[in-house]
Amino acid sequence: MKSILDELKASFANTRQDILSLQEYVDGLESTPEFHATIAERLLKAIGEPRIFDTSKDERMGRIFLNKTIKVYDSFKDFYGIEDVIERIVNFLTYASQGLEERKQILYLLGPVGGGKSSLAEYIKILAEKEPIYVLATDKEISPIFESPLGLFYSPEYRDRLPIPSRKVPSFCSPWAAKRLHEFGGDINKFKVIKLYPSRLSQICVAKTEPGDENNQDISSLVGKIDVRKLERFPQHDVDAYGFSGALNRTTQGVMEFVEMFKAPIKMLHPLLTATQEGNYVGTENIGAIPFQGLILSHSNIAEFSLFRNNKNNEAFLDRMCVIKVPYCLRATEEEKIYEKLIKNSDLRNATCAPKTLRMLAEFAVLSRLAPPDGQSSVYSKMEVYDGKSIKDIDLKAKSILEYKESAPQDEGMDGVSTRFAFKILSDTFNFDPKEIAADPVHLMTVVENHIERSDLPESRRKELTVLLKDQLGHKYAEFIGHEIQRAYLESYKDYGQNIFDKYVDYADAWIEDQDYKDPDTGQLVNRAALDAELSKIEKIAEIGNPKDFRNEVVKFVLRYRSANKGKNPSWDSYKKMADVIEKRMFSSIQDLLPVISFGTKKDSQTESKHVEFVKRMVARGYTENQVRRLIDWYSRVTFAA
Ligand SMILES: Nc1ncnc2c1ncn2[C@@H]1O[C@H](COP(=O)(O)OP(=O)(O)OP(=O)(O)O)[C@@H](O)[C@H]1O
Ligand SMILES: [Mg+2]
Numbered sequence: 002m003k004s005i006l007d008e009l010k011a012s013f014a015n016t017r018q019d020i021l022s023l024q025e026y027v028d029g030l031e032s033t034p035e036f037h038a039t040i041a042e043r044l045l046k047a048i049g050e051p052r053i054f055d056t057s058k059d060e061r062m063g064r065i066f067l068n069k070t071i072k073v074y075d076s077f078k079d080f081y082g083i084e085d086v087i088e089r090i091v092n093f094l095t096y097a098s099q100g101l102e103e104r105k106q107i108l109y110l111l112g113p114v115g116g117g118k119s120s121l122a123e124y125i126k127i128l129a130e131k132e133p134i135y136v137l138a139t140d141k142e143i144s145p146i147f148e149s150p151l152g153l154f155y156s157p158e159y160r161d162r163l164p165i166p167s168r169k170v171p172s173f174c175s176p177w178a179a180k181r182l183h184e185f186g187g188d189i190n191k192f193k194v195i196k197l198y199p200s201r202l203s204q205i206c207v208a209k210t211e212p213g214d215e216n217n218q219d220i221s222s223l224v225g226k227i228d229v230r231k232l233e234r235f236p237q238h239d240v241d242a243y244g245f246s247g248a249l250n251r252t253t254q255g256v257m258e259f260v261e262m263f264k265a266p267i268k269m270l271h272p273l274l275t276a277t278q279e280g281n282y283v284g285t286e287n288i289g290a291i292p293f294q295g296l297i298l299s300h301s302n303i304a305e306f307s308l309f310r311n312n313k314n315n316e317a318f319l320d321r322m323c324v325i326k327v328p329y330c331l332r333a334t335e336e337e338k339i340y341e342k343l344i345k346n347s348d349l350r351n352a353t354c355a356p357k358t359l360r361m362l363a364e365f366a367v368l369s370r371l372a373p374p375d376g377q378s379s380v381y382s383k384m385e386v387y388d389g390k391s392i393k394d395i396d397l398k399a400k401s402i403l404e405y406k407e408s409a410p411q412d413e414g415m416d417g418v419s420t421r422f423a424f425k426i427l428s429d430t431f432n433f434d435p436k437e438i439a440a441d442p443v444h445l446m447t448v449v450e451n452h453i454e455r456s457d458l459p460e461s462r463r464k465e466l467t468v469l470l471k472d473q474l475g476h477k478y479a480e481f482i483g484h485e486i487q488r489a490y491l492e493s494y495k496d497y498g499q500n501i502f503d504k505y506v507d508y509a510d511a512w513i514e515d516q517d518y519k520d521p522d523t524g525q526l527v528n529r530a531a532l533d534a535e536l537s538k539i540e541k542i543a544e545i546g547n548p549k550d551f552r553n554e555v556v557k558f559v560l561r562y563r564s565a566n567k568g569k570n571p572s573w574d575s576y577k578k579m580a581d582v583i584e585k586r587m588f589s590s591i592q593d594l595l596p597v598i599s600f601g602t603k604k605d606s607q608t609e610s611k612h613v614e615f616v617k618r619m620v621a622r623g624y625t626e627n628q629v630r631r632l633i634d635w636y637s638r639v640t641f642a643a
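2 is the number of the first residue of the sequence shown in our numbering; add one for each residue after it.
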């Protein structure tokens with residue numbers, strides 16, 4: 002506990018305010034870039050240098066990014082599958098810090114619901130807290146709008162003599178600073194400069210504003226208003242009677258987040274325009290223009306954006322925004338990581354989540370977001386290719402990622418199952434069984450199906466999603482769980498597997514050498530034709546296309562192993578291809594397994610102990626006992642139905 006307190010203490014010490022004289026500040030301008038860093042520069046510094054990642058060095062990423070070299074920002078590591086969105090945000094900040102047009106634009110994140118816009122905005126605000134700002138102050142108070150001391154030097158004859166680019170100097174100081182300067186009789190040295198850290202908590206340089214409804218929305222939530230308590234002491238138009246509590250006021254050098262900007266009435270948007278374009282705005286009283294050099298960050302989903310865009314009157318406004326699209330994650334592996342992150346941060350982290358549960362949900366979500374490819378290729382294959390899999394061997398009709406992307410509509414990923422919807426499905430799945438908190442794919446499918454039925458999607462869409470779920474994902478899962486069951490079952494059948502293996506190798510060896518095989522136990526001779534018949538039995542089940550090659554391959558592998566291991570045969574499952582063959586040989590049908598894997602049937606004691614062992618192994622693979630029971634039940638049902 003002590004270390005937490007120490008750290009906390011240190012972090013508070015870090016946010017302590019340092020005071021400089023104006024002279025020290027001006028003298029340090031040249032050597033201390035921090036003194037005059039803009040919000041874009043501070044954000045870039047907080048984001049840090051990217052890691053240059055040559056994707057050709059990584060099979061999966063190479064396929065996804067076509068072996069290009071990409072930039073990875075570790076500071077954004079909790080965002081998954083949206084590398085290009087992050088790169089675009091960084092580019093925006095880079096251009097803004099270079100003084101290009103972006104400096105005067107509203108950064109606008111446009112994307113579907115639950116696509117991560119708010120999280121990105123929140124994170125940008127967290128980043129904004131990392132670097133300090135320098136604020137004009139007097140002995141008694143800090144500038145109520147946290148303005149830069151540079152505003153004092155606005156007139157060109159002084160501005161141009163500062164050792165910094167003139168664009169960094171505000172076009173004037175605030176009315177507050179002007180009044181103080183007047184009170185000081187022009188003695189500028191009476192000003193101080195305070196170094197402080199932006200803070201979301203105290204709304205220093207970071208603020209968030211949300212539109213109220215059409216009627217009660219008040220522009221003062223942006224630009225501040227008269228503070229009635231001060232009217233006793235100051236006249237109405239006096240700057241000291243003004244309450245600088247609006248979001249723009251608080252973020253002169255920081256980040257102002259405007260949630261759902263287009264839900265706000267248009268009159269609310271005008272101050273934003275002048276603030277970004279001209280670097281100032283006016284308050285609700287006639288106190289003079291107020292400087293602004295911050296970043297305005299906004300976001301909304303597509304419906305609102307389209308509505309706003311379709312109105313011709315808004316053209317000028319749109320022209321002053323930099324729109325960055327934030328689509329859903331379209332890679333199932335990364336989508337799964339989003340869910341893992343959510344679970345890790347919740348009480349569910351200790352609950353059992355059976356293998357493939359998150360994967361199935363992620364695949365379902367991505368499938369629902371993808372535009373069906375043209376031609377013969379299936380949307381499932383497209384999902385796999387987007388996820389960086391190489392599936393040419395499995396699906397001959399699959400296309401390359403480039404082909405899929407090129408033929409996809411422009412707004413792919415802006416529609417479909419939302420992350421938040423997926424989260425809801427997950428919590429319902431974990432709580433589906435009143436007896437235990439745990440999730441598995443079978444419950445997941447039931448929950449998803451219910452949600453689809455209850456949703457207000459059009460009938461045809463509901464049908465499509467149900468087909469994806471049941472036919473594609475359900476089918477894949479049956480294959481997977483069948484394999485899991487076999488594996489757990491198999492381990493109690495090691496000897497059986499080894500016997501099949503050893504015999505296969507002996508037979509194949511004799512067959513290759515063109516000799517009769519003499520059984521060491523019985524002394525019986527097996528001729529070449531009989532050998533071939535026995536070997537084929539196994540190969541047929543496993544659908545081995547070219548038995549001759551396969552026999553050679555296996556025998557070669559075994560001979561090599563023997564010579565390195567004092568003549569011993571390898572374990573039956575050490576050669577992947579052969580292990581698959583033997584598994585198939587052992588269980589040509591689920592019926593063979595049923596006595597051992599099923600629950601509740603009468604068993605002899607030997608089968609019963611095998612059953613117990615089997616369940617134990619399944620639990621070790623990540624299932625609860627209830628789940629094992631249910632999944633086996635489900636599996637037998639679907640395989641018998643087929
Ligand atoms: N690509 C992603 N990487 C990591 N987390 C993500 C990603 N996309 C969404 N999320 C998570 O999904 C949840 C919902 O995201 P968020 O609230 O940011 O969405 P939004 O776009 O603001 O949605 P809305 O339009 O409904 O306000 C958050 O917990 C967020 O962390
Ligand atoms: Mg949001």
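Heads up, the beta-carbon is just placed ideally off N, CA and C, and yes, glycines get one too.
Your pair Val506 and Val582 does not check out as a contact, with CB atoms roughly 12 Å apart and the cut at 8 Å. Of all residues, those with a beta-carbon under 6 Å from at least one heavy atom of ligand 2 are Lys118, Ser119, reported in chain order. Going by DSSP, Leu151 is part of no beta strand (DSSP E) at all; its letter is neither H nor E. Per DSSP, the beta-bridge partners of Asp55 are Thr70.
Residue ranges of uninterrupted beta strand (DSSP E) with 3 or more members are absent from the segment 558–590; none lies entirely inside it. Across the set Ile165, Asp441, Trp573, the C-alpha of Trp573 shows the shortest separation from the C-alpha of Gly498. His300 has Leu110, Val260 as its beta-bridge partners, per DSSP. Here the alpha carbon of Thr39 sits roughly 17 Å from the alpha carbon of Ser144. The closest CA to that of Glu335, considering only Asn351, Leu359, Lys398, is found on Leu359. One alpha carbon belongs to Gln204, the other to Asp434, and they sit about 45 Å apart. Going by DSSP, Ile542 is part of no beta strand (DSSP E) but of the alpha helix (DSSP H) stretching over 529–542. By the neighbour-count criterion, in which 16 or more other beta carbons inside 10 Å mark a residue as buried, Phe185 falls on the exposed side. Taken through DSSP and simplified to helix, strand or coil, Lys209 comes out as strand.
Look at the segment 264–316 and you find these whole runs of beta strand (DSSP E), each 3 residues long or longer: 296–301. Closer than 8 Å to some heavy atom of ligand 1: that does not describe the Cβ of Glu364.
The continuous beta strand (DSSP E) containing Ile325 extends over residues 322–326.
In the three-state reduction of the DSSP assignment, Asp517 falls in the coil class.
Of all C-beta pairs linking the segment 123–136 to the segment 192–207, three or more are shorter than 8 Å, placing the two stretches in contact. For Asp85, the uninterrupted alpha helix (DSSP H) run begins and ends at 84–98, by DSSP. In the DSSP annotation of this structure, the continuous segment of the alpha helix (DSSP H) that includes Tyr405 starts and ends at 402–408.
Judged by beta-carbon spacing, Phe245 lies beyond the 9 Å limit of Thr210, meaning their Cβ atoms are not closer than that value.
Between Lys425 and His452, the C-beta gap is smaller than 9 Å, which places the two residues in contact. The beta-carbon separation of His300 and Leu110, rounded to 4 Å, stays under the 8 Å limit for a contact. In the displayed model, Asp19 falls within a strand according to three-state DSSP.
In this structure, the beta-carbon distance from Asp375 to Ser408 falls below 9 Å. Taken through DSSP and simplified to helix, strand or coil, Thr353 comes out as strand. In the displayed model, Lys611 falls within a helix according to three-state DSSP. The segment 353–379 contains no complete beta strand (DSSP E) run of 3 or more residues.
Tyr135 sits in a strand when the DSSP states are folded into three classes. Here Thr275 has Asn281, Tyr282 as same chain residues with Cβ atoms under 7 Å from its own Cβ, once five neighbours each way along the sequence are excluded. Annotation for Val468: the continuous alpha helix (DSSP H) segment containing it runs 460–468.
Relative to ligand 1, the beta carbon of Gly498 is positioned no closer than 8 Å to any heavy atom. Pairing Phe431 with Cys354 gives a Cβ-Cβ distance under 9 Å. Distances from the CA of Leu343 to each of Ser57, Arg421, Arg321, Asn302 were compared; the closest alpha carbon is that of Arg421. The beta carbons of Phe54 and Lys72 sit closer together than 9 Å. A distance criterion of 8 Å places the beta-carbon of Leu427 beyond contact range of ligand 1, judged by its closest non-hydrogen atom.
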